[in-house]
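Protein sequence lines, in the order shown, are assigned to chains S and Z. Quick note on the numbering used here: the first sequence kicks off at 1 and runs consecutively. Quick note on the numbering used here: the second sequence kicks off at 406 and runs consecutively. Presented below is the structure to which this report refers.
Protein chains: 2
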Amino acid sequence: MLTVKTPEETLALIEEQFSCLAACEQAPLAAALGRVLAEEIRAAEYVPDFDRSTVDGYAVRAADTFGCSASIPAIFTLQGEVAMGESAPPLQPGHCLYVPTGGAIPAGADAMVMIEYSEDYGDGTIGLSKPAAPGKNIVFRGDDVQPGQLVLPAGKKLAAQDLGALAALGWAQVPVRAAVRVGVISTGDELVPVEETPGPGQVRDINSTVVSALMQRCGAEVTCYGIVRDDRRLLRRQVEQALAENELVLLSGGSSVGMKDATCQVISELGELLLHGIAIKPGKPTIIGKVGNKPVVGLPGHPAAAFFISHLFMRPLLYRLQGRRTVSYQLPARLSEKLSANDGRTQYLSVSLEQRGGEWWACPLRAKSSQISNLAATDGYICIDRDTEGLAAGALVAVTLYSAE
Amino acid sequence: MLTVKTPEETLALIEEQFSCLAACEQAPLAAALGRVLAEEIRAAEYVPDFDRSTVDGYAVRAADTFGCSASIPAIFTLQGEVAMGESAPPLQPGHCLYVPTGGAIPAGADAMVMIEYSEDYGDGTIGLSKPAAPGKNIVFRGDDVQPGQLVLPAGKKLAAQDLGALAALGWAQVPVRAAVRVGVISTGDELVPVEETPGPGQVRDINSTVVSALMQRCGAEVTCYGIVRDDRRLLRRQVEQALAENELVLLSGGSSVGMKDATCQVISELGELLLHGIAIKPGKPTIIGKVGNKPVVGLPGHPAAAFFISHLFMRPLLYRLQGRRTVSYQLPARLSEKLSANDGRTQYLSVSLEQRGGEWWACPLRAKSSQISNLAATDGYICIDRDTEGLAAGALVAVTLYSAE
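Here you go:
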């Protein structure tokens, strides 16, 4: 017998029942932004590969500068100039070499004196007016990375700065996960496509747009299979096709009891029903099943509920399938108004954030769960525990940001 | 005479000197995720367009249920069933109508009683055991949106939930800004492409990868023009080509004084130099110029500096050019270690975040500014004011997240 599960139990079930289904492929570095790293990256070389100057100035033996000052400069014979991108000749005793920022430090030198503290006497000698400690203004070979060092963990979504590390290490091709394919089927006799004007009793198909966009933003390749009428045979045919072409199938809409029954029956016929109901508000009527190793999910019909369930559970499910590590950030904020106790179910409320006097304030949307327009332009959500007695205005809450991950 | 500007002055200069250069175009709703809205969206219709049930149950006149209970149910004649997606017939006195979740409420009814509180006597009558207040379990016409209501402001980057609002209102085509085209030119004799093994004194071209990826993530269409050698005529030719093909041109690399001079000279020849140096650490050697109405920017050569300058100033500049509103979130965290006073310049430090005992801790990277690998896998940055005397371990700092915007 399938009972209603808590949010924690639902996440544990996802973790337990499903695993990575995304193949590994090679992406050119310039196309790897936002992709999921398929394996950990360890350095195979030194970065930088040679000692480099961080300033424009003169490479010297540090000891030769000790005691010099503006009134008593240390005098060096100018040995020449190190050109950018070329190796440096060894430094001769008593000499200095001009090195530009990023240029190679000659063997025998162990410090750079900035050009600001130098005077060119025009006779082949240079006066330096500031002593330099050994290592001054130099980045040494391997200061950034040493061979064997872990640079990026497997499963990370690649950010701009990660591509920089890969570039430094010469990864022109990057091992990434193939995109997980997600099939979205809209169900419900009341639905019409977005471009149509709804007749009496009809509504536009909102959910498939929201759910597809969310999955797409999380890296999925989404195919929409259009609207299926409340008919079990049609539904089954569509689910079978979507399963053949995708790793994850989401049924969106179908809030009526009949449609829920049909969804359960189709999942049971093709595979196994794992969960029937999550104890949260909004979003209780959620169904999760498994056909082979692929999840098939029936989402709630209420648009706001479908959005929350997708954010809370379908995102982690997708990340599981694509082998991606999940990160989420919570922002502390003060509640803008009093919230009354909820009815024994964990409740999620969308909030917009306002900055007042250096603090974030979370303004909850008092929307009924079928409403979607109010969700637009919100920044994140707060979760109210099922055992909470209500929250006072000004109470500190944790806002999970929709945009950060 | 161009002086070094503070970060605030630099942002003000960007705001003052540049304006939106992105044309308006129509995108299909399914392709509008992440695009920038070109105009504000106001509702032209009611959402929902009819009174809808939020439960499976019976539509009644609320007054007819008053006083009923499990022991003394109120008895109604079953008038029939409202099918999903169809209009409802008017409710007759003393009658009830079955309405599924999302179905239309008949004229004359003002409440829904859930099916859980009903008994079907099988003789055409239904007993209801729970009284309902007027409006119970109903979403009324326009509860979500009324005609004329502002739903989304111009300049917003469209998120999944925003697409839901657009779907509800029938926007199958969405007015969005064309992508801003950004040309990236790498400069420097020491640079080799990522796929090559650097010779003595050479390094791989990291910056153009990082800067391109960051601009791409912010919605730009990036073209890389390869590596230009330190030669003013070659540089000018490349800048002219990039200006003809893009709205923003970024010169990346070229940390030597000679290259900086060449960049300044080329900008002065083609247009106007606006800024030469920003008083921050890392990243001081930044050049901003204007050719016609287009910005041309010389970024610092140090990879970490190029990354910070891009995040702090090139992102707002790009958003300005694409008419996008900027949002950024700061997360309060405790500093994992003591930081000493800085040298009079505002300092930016990349941090990785760790959760310990319900609090975020920010662990600063002690990287020298030429290092990039350490930036990988960091979560955001903290800013240390130029007048700060240093910060104690455990001090509360504000972390700006790289991933949230």
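For glycine and all other residues, C-beta sits at the position ideal for the given N, C-alpha and C.
Same chain, Cβ closer than 8 Å to Z:TYR786, five either side skipped, listed in chain order
As a working mapping, residue 786 of chain Z is identified with position 381 in the second sequence. Within the same chain, Z:TYR786 has close Cβ partners PHE713, HIS716, TYR753, LEU754, SER755, VAL756, VAL804, THR805 and TYR807.
In the DSSP output, what is Z:ASP461 paired with across the bridge?
The residue labelled residue 461 of chain Z in the question sits at position 56 within the second sequence. For Z:ASP461, which the question treats as bridged, DSSP gives no partner whatsoever.
Leaving out five residues on either side along the sequence, give the residues of the same chain with a beta carbon under 8 Å from the beta carbon of Z:THR496.
Looking up residue 496 of chain Z in the second sequence gives position 91. Note that residue 496 of chain Z is Leu in the sequence shown, not Thr. So the list reads ALA464, VAL465, ARG466, GLN484, LEU502, PRO511, ALA512, GLY513 and ALA514, once near-sequence residues are dropped.
Is the beta carbon of S:LEU91 within less than 7 Å of some heavy atom of the ligand GTP?
The ligand GTP is absent from the structure shown, which contains no ligands of any kind.
Suppose the cutoff is 6 Å on Cβ atoms and the five residues either side in sequence are ignored; what does the same chain contact list for Z:GLY508 look like?
The residue given as residue 508 of chain Z occupies position 103 in the second sequence. So the list reads SER458, VAL487 and MET489, once near-sequence residues are dropped.
Quick check: the Cα distance between Z:VAL518 and S:GLY201, rounded to an integer number of angstroms?
Reading the second sequence from its first residue, position 113 is the one you call residue 518 of chain Z. Reading the first sequence from its first residue, position 201 is the one you call residue 201 of chain S. So the alpha carbons of these two residues sit roughly 19 Å apart.
Please name the residues in the region 194-214 of chain S whose beta-carbon is closer than 9 Å to at least one beta-carbon of chain Z, in chain order.
Answer in chain order: VAL194, GLU195, GLU196, THR197, PRO198, GLY199, PRO200, GLY201, GLN202, VAL203, ARG204, ASP205, ILE206, ASN207, SER208, THR209, VAL210, VAL211, SER212, ALA213 and LEU214.
Whose Cβ in chain S lies nearer than 7 Å to the Cβ of Z:VAL550?
Residue mapping note: residue 550 of chain Z aligns to position 145 of the second sequence, counting from 1. Correct list: SER373.
Z:GLU595 by DSSP, collapsed to three states: which one?
As a first step, residue 595 of chain Z is located in the second sequence; it is residue number 190 there, counting from the start. Here Z:GLU595 sits in coil by DSSP.
For chain Z, is any of its Cβ atoms less than 8 Å away from the one on S:GLU116?
Start at 1 with the first residue of the first sequence, and residue 116 of chain S comes out as number 116. No, because no Cβ of chain Z sits closer than 8 Å to the Cβ of S:GLU116.
What residue does the alpha helix (DSSP H) around Z:SER613 start on, and which one ends it?
Counted from its first residue, the second sequence places residue 613 of chain Z at position 208. Segment 612-622, the alpha helix (DSSP H) holding Z:SER613.
For the pair the region 672-689 of chain Z and the region 756-769 of chain Z, tell me if three or more CB-CB distances fall below 8 Å.
no
Coarse secondary structure for S:GLY289, derived from DSSP in three states
For the purposes of this step, residue 289 of chain S is taken as residue 289 along the first sequence, with counting starting at 1. It is a strand residue.
What are the boundary residues of the alpha helix (DSSP H) that includes Z:ASP567?
The count along the second sequence starts at 1 and reaches residue 567 of chain Z at position 162. Unbroken alpha helix (DSSP H) run through Z:ASP567: 565-573.
Going by DSSP, name the residue or residues bridged to S:LEU273.
As a working note, residue 273 of chain S is residue 273 in the first sequence. Looking at the DSSP output, S:LEU273 bridges to S:GLY289.
Proximity of S:VAL228 and S:GLN238 at Cβ, strictly below 8 Å:
Here residue 228 of chain S refers to the residue found at position 228 when the first sequence is read from its first residue. Here residue 238 of chain S refers to the residue found at position 238 when the first sequence is read from its first residue. Yes, Cβ-Cβ distance for S:VAL228 and S:GLN238 is below 8 Å.
S:CYS20 versus S:GLN322: straight-line alpha-carbon distance, rounded
Reading the first sequence from its first residue, position 20 is the one you call residue 20 of chain S. Reading the first sequence from its first residue, position 322 is the one you call residue 322 of chain S. The alpha-carbon atoms of S:CYS20 and S:GLN322 are separated by roughly 5 Å.
If Z:VAL616 sits next to Z:LEU704, beta carbons under 8 Å apart, how far is it from one beta carbon to the other, in whole angstroms?
Start at 1 with the first residue of the second sequence, and residue 616 of chain Z comes out as number 211. Start at 1 with the first residue of the second sequence, and residue 704 of chain Z comes out as number 299. Yes, Z:VAL616 and Z:LEU704 are in contact; Cβ-Cβ is about 7 Å, under 8 Å.
Can you give me the Cβ contacts of Z:ALA443 inside the same chain, cut-off strictly under 6 Å, excluding the 5 residues immediately before and after it?
Position 38 of the second sequence, counted from the first residue, corresponds to residue 443 of chain Z. CYS429, PRO580, VAL581 and ARG582.
Between which two residues does the beta strand (DSSP E) harbouring Z:ALA710 extend?
For the purposes of this step, residue 710 of chain Z is identified with residue 305 of the second sequence, where counting begins at 1. Segment 708-714 is the alpha helix (DSSP H) holding Z:ALA710; no beta strand (DSSP E) there.
Determine the DSSP secondary structure at Z:THR470, reduced to helix, strand or coil.
Along the second sequence, one-based indexing puts residue 470 of chain Z at 65. Helix.
Identity of the residues DSSP links to S:VAL406 by a beta bridge:
Here chain S comprises residues numbered 1 to 405, so residue 406 of chain S is not present and cannot be evaluated.
Determine, for S:ARG217, whether the minimum Cβ-Cβ distance to residues of chain Z falls below 8 Å.
Residue mapping note: residue 217 of chain S aligns to position 217 of the first sequence, counting from 1. Interface residue, yes.
Counting pairs of Cβ atoms below 8 Å between the region 522-536 of chain Z and the region 160-171 of chain S, do you hit three or more?
no
Answer with yes or no whether the minimum CB distance from Z:VAL589 to chain S is below 8 Å.
For the purposes of this step, residue 589 of chain Z is taken as the residue at position 184 of the second sequence. No, no contact with chain S.
Run through DSSP, which three-state label would Z:ARG646 get?
Residue numbering aside, residue 646 of chain Z sits at position 241 when the second sequence is read from its first letter. Arg is not the amino acid found at residue 646 of chain Z; the sequence shown has Gln there. The answer is helix: DSSP assigns Z:GLN646 an H, G or I state.
Closest residue to Z:ALA435 among S:TYR319, S:THR209, S:GLY292 and S:ALA304 (Cα-Cα distance)
Walking along the second sequence from the start, residue 435 of chain Z turns up at place 30. Answer by Cα proximity: S:THR209.
How would you write the range of the beta strand (DSSP E) that S:GLU119 sits in, first residue to last?
The residue labelled residue 119 of chain S in the question sits at position 119 within the first sequence. Here the beta strand (DSSP E) through S:GLU119 covers 118-120.
For chain Z, is any of its Cβ atoms less than 8 Å away from the one on S:ASP385?
On the first sequence, residue 385 of chain S is found 385 positions in, with the first residue counted as 1. At a cut-off of 8 Å between C-beta atoms, S:ASP385 does not count as an interface residue with respect to chain Z.
Whole-angstrom distance between Z:PRO536 and Z:PRO498, CA atom to CA atom:
Residue mapping note: residue 498 of chain Z aligns to position 93 of the second sequence, counting from 1. Residue mapping note: residue 536 of chain Z aligns to position 131 of the second sequence, counting from 1. So the two alpha carbons sit approximately 17 Å from each other.
Rounded to a whole number of angstroms, what is the C-alpha to C-alpha distance between S:PHE76 and Z:ASP635?
As a working mapping, residue 76 of chain S is identified with position 76 in the first sequence. As a working mapping, residue 635 of chain Z is identified with position 230 in the second sequence. Their backbone Cα atoms lie some 28 Å apart in a straight line.
Could you give the first and the last residue of the continuous beta strand (DSSP E) run that contains S:GLU354?
For this step, residue 354 of chain S is matched to residue 354 along the first sequence. 346-356 is the span of the beta strand (DSSP E), which, as asked, contains S:GLU354.
Buried or exposed for Z:LEU639, please, with buried defined as at least 16 other CB atoms from any protein chain shown within 10 angstroms of its CB.
Residue 639 of chain Z sits at position 234 when you count from the first residue of the second sequence. With fewer than 16 other Cβ atoms inside 10 Å of its own Cβ, Z:LEU639 counts as exposed.
Short of 6 Å in beta carbon distance, which residues of its chain neighbour Z:SER774, apart from the five on each side in sequence? Order them along the chain.
To locate residue 774 of chain Z, count along the second sequence from 1; it is residue 369. A caution first: Z:SER774 carries a pLDDT of 47, below 50, which makes its placement in the model unreliable, though a value can still be read off. Contacts found: PRO687, HIS707, ALA709 and ALA710.
Looking at C-alpha atoms only, which residue of S:ILE287, S:VAL55 and S:GLY258 is the closest neighbour of S:GLU272?
The residue you call residue 272 of chain S lines up with position 272 of the first sequence. Residue S:ILE287 is the option with its Cα nearest to S:GLU272.
Could you compute how far the alpha carbon of S:GLU247 sits from the alpha carbon of S:CYS383?
Here residue 247 of chain S refers to the residue found at position 247 of the first sequence. Here residue 383 of chain S refers to the residue found at position 383 of the first sequence. Rounded to whole angstroms, S:GLU247 to S:CYS383 spans 30 Å at the Cα level.
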